[in-house]
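All remarks here apply to the structure that follows.
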Amino acid sequence: MSQMESSVQLYLYDLSQGMARMMSRQLTGRQIDGIWHTSVVVYGVEYFFGQGIMESRPGQTHHGVPLQVIPMGQTQIPRDMFLEYLEGMKEAWTADKYHLLDNNCNTFSNELCNFLVGKDIPAHITGLPAEFLNTPFGQSLRPMLENMFGPSQVARSAAAASAAATHTNPLSPALASLVGNVAAAAQSGPTSSTALQIANNLSQFNSIIASHRCVVVDFTAQTCPPCRVISPEFERLIGHFNAEYRQIGMGEAARSDTNKIVGVKVEVPSARDIAAQYQITATPTFVFFLDGKKTAQFSGANKQELKAQMELLLYTAFPPHPHAKIRTPTLDSMSSNPILYSRSTSLDAIFTKLQTFCTDAPKEMQAAIPALQSALKNKFENESTAELNITAESVKAVDWMLESLPMERVFPALDILRLMALDAGVRQKYLARKTGVTFMSLLAKYGCGDQEREQAVPKAVRVMVLRLACNLFTDAESMKYSLSLNRTTDVASRSTPHRTIITAVLIDSLLSPEAVVRKDAASLAFNIAVEEAKSRQTAAGVAAGVEDVGVHEEWIAEIVAAAGNALATEEDDEIVLRLLTALAHLLHYATDPILQLASAVGLADTIDATRESRETKLESNKKLKATPQSDSATPNQRLEESDIKMKESIIKLCKEVGSLMKVV
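According to the UniProt record's numbering, the residues represented by the sequence shown are 1 to 664, in order.
This is the structure:
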C-alpha cells in the first residue's frame with residue numbers, strides 16, 4: 001500500500017482491567033462493560049492522547065494488548081498531509097488540556113477519525129462519561145474528579161442525577177484510590193525517562209515516586225519570589241548529578257542507563273491534593289524520597305542545603321564499593337598499559353631459520369619472503385612510524401607457512417605474525433577473517449592441551465603463541481575479538497567462544513615447567529586483568545545486555561583461582577610481581593562472589609606466604625650486609641639493588657591485595 005492511503009483502526013482498551021464489568025451494576029445500577037481508552041492506528045503508527053499527543057508501534061503502548069480492534073475504514077488523505085494536520089493539533093492537545101470527562105483520549109480519537117475517514121467512533125465510547133455521571137454513584141465521584149481535572153461541562157449537564165447523589169453513601173478510601181488510579185492511567189504515558197517531571201495530581205505523583213529510586217520534589221508556586229530564585233538551581237543540580245555522579249566501584253548507579261535522581265515540580269495552588277498529603281504549608285519546600293520513602297525535608301531557598309541533601313540521597317542509594325576506602329598506592333603507581341611484545345632479537349636470524357624450513361614451499365611463496373623481511377625490518381628495527389607495507393603475496397606466504405610447516409618448525413612464522421599483529425592494517429585483515437588462518441585458530445591449535453597430543457608443543461611455539469595473544473590487546477577492537485563470547489572458532493569440531501580459548505591458553509601456560517612460558521602467561525593474565533579493571537571504571541562491570549553478570553563473575557573467578565595456584569608455587573620474582581598485579585586488578589572493586597571465591601581457594605594464605613618469603617630474604621640480605629664478611633659474600637648471597645626493589649614491591653603489593661580481601 002502506498003503512502004497516499006492507509007487503513008484506519010480504532011484500538012480499544014479497558015482502563016479498569018475488567019473491574020467495571022464486574023462491579024458497575026452494584027455500584028451504579030447499570031451495566032458498564034469498561035472504562036474505555038482508545039487510540040487510532042494509521043500508516044503503521046498508533047496515536048493517542050494523554051501527556052499530549054503520543055505515538056507508538058501498534059499494540060506496544062503501556063496500555064498493553066487492545067481489547068478490541070475496530071475497523072474505521074480507509075483514508076485517502078496522504079501521509080504527509082496527515083502528519084502536517086497532526087502537527088497542528090499538538091498546539092491544542094497538550095497535557096494540561098486533558099480532562100477525564102470533557103477532553104480525553106476518546107475525544108481525540110473521535111476528532112482524528114473524523115478527519116481521516118469522516119466518521120465518529122462508536123457512541124457508547126464517547127458517551128461513557130455522561131452515562132456514568134447520570135448515576136448516583138457517578139455524581140458522588142464528581143467532586144473528586146473535578147478536583148483532579150477541573151470543572152466539567154459534561155458533569156453539569158448531568159444535573160438530573162444530582163439530587164439522587166445526595167442519597168449515596170460516602171466514597172470509601174479504597175474505592176477513591178481505585179477511581180484515582182483509573183483516572184491517572186487514562187492520562188498517563190509510558191514511564192517518563194526525563195530527569196525533570198511535573199506532577200499535577202496525587203496519583204501521578206505516586207506513580208513517579210514508585211518508578212524511581214531517588215526523587216527530589218520541589219513544592220513551588222509561581223507567585224512565590226524565593227521559588228523563582230531556587231527553581232533554576234534545582235533544575236541545574238538535577239542535571240548536574242545525573243551527568244556527573246559516579247558510584248566508586250561497581251554498582252547500579254554507574255551501570256544504569258536511566259536517571260540516577262529525578263526532580264519533580266509540584267505547583268501547590270493547582271495540586272492541593274499532593275500538598276495536603278505531605279502537609280506542605282510553605283513554598284519552596286523540598287522533600288527527598290529514597291525507594292518510595294521520605295528521608296528528608298526542608299523549606300526555603302537554601303542552595304547549599306539543597307545540594308548537600310541531594311548528595312546524601314545519592315550516596316545513600318548508591319554507596320561506594322568498600323574498596324573505595326582502601327588505599328592502594330603501590331598498585332596505583334604501576335603502569336596499566338598492556339604488556340606488548342614489539343621487539344625482536346634479530347629479524348635476519350628469524351628469516352634465515354625460516355628459509356631453511358621453507359625449501360619445499362612453492363616458488364611464489366619463497367619469492368614473497370624477501371619483501372616481507374624488508375618491510376618488517378623497516379618497521380621494527382628502524383622504528384618506522386609508518387604503516388607496515390606488506391603485500392598480499394607476503395600475507396599469503398605467512399599463511400602458507402602457518403598452515404604447512406610442522407609444529408616443531410612453525411615458531412619463526414608465529415614470531416613474524418605476532419609482529420605483524422601490532423600493525424593496525426594487517427591486524428584488521430586477520431580480525432575480519434572467519435575461516436582459514438586466524439589469530440584464534442592458532443591459539444587453539446598451539447596454545448594448550450599437551451595432554452591430548454601425541455607430541456608436546458615446543459617451548460618456542462608456546463612462547464610465540466602467548467606473545468601473539470598479548471599483542472591482541474593493542475587496541476579495543478582486537479581486545480574485544482580476543483575476549484568475545486559471541487565470536488567462535490572450531491576446536492575439535494566444536495564451535496568454541498574466543499574467550500574460552502584464550503582462557504584455556506592462559507591457564508594451561510601458567511602451569512608450564514618452563515619459566516619463560518610462565519612469564520609470558522603472567523603477562524597475558526595482566527592484560528586481561530587490566531582490561532577488566534578498566535571495564536569496572538568505565539561501565540561499572542558488565543554492560544547491560546552484553547553478558548550475564550553471573551557468567552562473567554565465574555570467568556573472573558576462574559582466572560583468579562588459576563593465578564592464585566600459579567603464585568603459590570612460583571619462585572621467580574618478576575613472574576610473581578606480574579601475577580600479583582593481575583590479582584590486584586581482578587580483586588579491586590570486585591563483586592562479593594569473586595572475593596568470596598578468592599577466599600575459599602585459600603588465596604589469602606598464598607598472599608601471606610609470598611609476602612613472608614620475600615620479607616625473610618630481604619632480612620637475610622640486611623644481616624649479610626651488616627657483617628664484616630659481607631664483602632666476600634657470593635653473588636648468590638647478595639641481592640642486587642633491582643632485586644631489593646622488586647621484593648619490596650612484592651611485599652607492598654601483597655599487603656594491598658590482603659587488604660582488598662579482608663572486606664569479604
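Ideal Cβ positions, reconstructed from N, Cα and C, are used throughout, including at glycine.
| task | Report the rounded CA-to-CA distance for I644 versus A324, giving the unit in angstroms. | result | 30 Å
| With 16 as the cutoff for other CB atoms within 10 Å, does V657 come out buried or exposed? | buried
| Would DSSP call P129 helix, strand or coil? | helix
| field | Span separating the alpha-carbon of K353 from that of T610 | value | 41 Å
| request: Would you mind giving the Cβ-Cβ distance between C113 and I125, rounded to the nearest angstrom? I have them listed as a contact below 8 Å. | output: At roughly 11 Å, the Cβ-Cβ gap does not stay under 8 Å, so C113 and I125 are not in contact.
| Beta-carbon spacing of L443, V505 below 9 Å | yes
| message | Comparing C-alpha positions only, which one of E311, K294, M440 sits nearest to R246? | response | E311
| field | DSSP-derived helix/strand/coil call for D608 | value | helix
| Span of the alpha helix (DSSP H), counted from its first residue to its last, around P71 | Run containing P71: none in the alpha helix (DSSP H); it sits in the beta strand (DSSP E), 68 to 75.
| field | Presumed contact (8 Å Cβ cut-off) between I416 and V398, rounded CB distance | value | 6 Å
| Any contact of the region 72 to 79 with the region 45 to 56, i.e. 3+ C-beta pairs under 8 Å? | no
| query | Thinking C-beta only, is R499 closer than 9 Å to L483? | reply | yes
| Can you name, in chain order, every residue of its own chain whose Cβ lies under 7 Å from the Cβ of M1, other than the five neighbours on each side? | Reliability fails at M1, whose pLDDT of 40 lies under 50, so the model's placement of it is uncertain and the value that follows must be treated cautiously. Cβ neighbours of M1 beyond the five flanking positions: none.
| field | Cβ-Cβ separation, V264 to A199 (assumed contact under 8 Å), whole Å | value | 5 Å
| Beta-bridge pairing of A296 - partner residues as DSSP gives them | F288
| field | Helix, strand or coil at T496 [DSSP, three-state] | value | strand
| task | Give the range of the alpha helix (DSSP H) segment to which C105 is assigned. | result | 105 to 117
| message | What does DSSP give as the partner residue(s) for L196 in the beta ladder? | response | G263
| query | Alpha carbon to alpha carbon, how far is N486 from S495? | reply | 10 Å
| Leaving out the 5 sequence neighbours to the left and right, which residues in its chain are closer than 7 Å to A174 when beta-carbon positions are compared? | Here the model assigns A174 a pLDDT of 42, short of 50, so the residue's position is not dependable, and the following value carries that caveat. Answer for A174: no residue qualifies.
| With DSSP run on the structure shown, which of helix, strand or coil describes E532? | helix
| Proximity below 9 Å, CB of R433 to CB of G447 | no
| query | Under a three-way DSSP split, which group does E381 fall into? | reply | helix
| task | Please report how far the alpha carbon of M89 lies from the alpha carbon of R57, in whole angstroms. | result | 20 Å
| Which word fits F298, buried or exposed, when buried means at least 16 other C-beta atoms lie within 10 angstroms of its C-beta? | exposed
| For C214, the residue or residues it bridges with in DSSP | I261, L290
| Inter-residue spacing [alpha-carbon to alpha-carbon] between G29 and N134 | 11 Å
| message | Let me check one thing: in DSSP terms, what residues is Q428 bridge-paired to? | response | Paired residues: none, contrary to the question.
| task | Find out if the Cβ-Cβ distance for the pair S478, L431 is shorter than 9 Å. | result | yes
| Do the region 283 to 290 and the region 210 to 218 meet, that is, are 3 or more Cβ pairs less than 8 Å apart? | yes
| query | When burial is assigned at 16 or more other CB atoms within 10 Å of the CB, is Q197 buried or exposed? | reply | buried
| field | Distance between Y43 and Y13 (C-alpha atoms, nearest Å) | value | 20 Å
| Between the Cα of N302 and the Cα atoms of P338, R228, T356, which residue gives the shortest distance? | R228
| said: Using the Cβ count rule (16 or more neighbours within 10 Å means buried), how would you classify E87? | reply: exposed
| query | In its own chain, which residues sit with a C-beta less than 8 Å from the C-beta of T316, not counting the 5 before and 5 after it? | reply | L290, T295
| said: According to DSSP, simplified to helix, strand and coil, what is residue 713? | reply: Coverage of the chain is limited to positions 1 through 664, which leaves residue 713 absent and any answer about it impossible.
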